[in-house]
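Positions 3 to 85 (our numbering) are the ones given, in order, by the sequence shown.
The beta carbon of each residue, even a glycine, is placed where N, CA and C say it ideally should be.
Treat the numbers as computed from the prediction; the structure is a model and nothing was measured.
See structure below.
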Amino acid sequence: MKTKPSLLMLSFAWALAIAVLMTAVSFLPGARDVVTDPASGETLWLSVGFVFLSWFVAAELVMLVGGGVYLAASRLLRAKRGR
């Protein structure tokens, strides 16, 4: 028997993928000042963690709001068809 995938786990997975990708983008030469010390060029791991956490929380919030809108709209449409 197939089980439906958990929407919450899917949103966590996508948020994790987005956070990893955007954290990796912050290491590109044009944006390196965000995660490195400009004077020494040393990586600031606390800043890397903050960037990752910020992207993860932002992406997860967008996923949860989008999922809520989708579920609400589908229930409204189902209720409207039922009349």
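1) With respect to the alpha helix (DSSP H) encompassing F52, which residues constitute its N-terminal and C-terminal limits?
2) Counting beta carbon pairs with one atom in the stretch 56-70 and one in the stretch 4-23, are three or more of them shorter than 8 Å?
3) Among A60, W16, K82 and T25, which one has its Cα closest to the Cα of L46?
4) Do you know offhand how far V27's Cα is from A41's?
5) Please state the DSSP three-state secondary structure of T5.
Looking at the coordinates:
1) W47 to G84
2) yes
3) T25
4) 21 Å
5) coil
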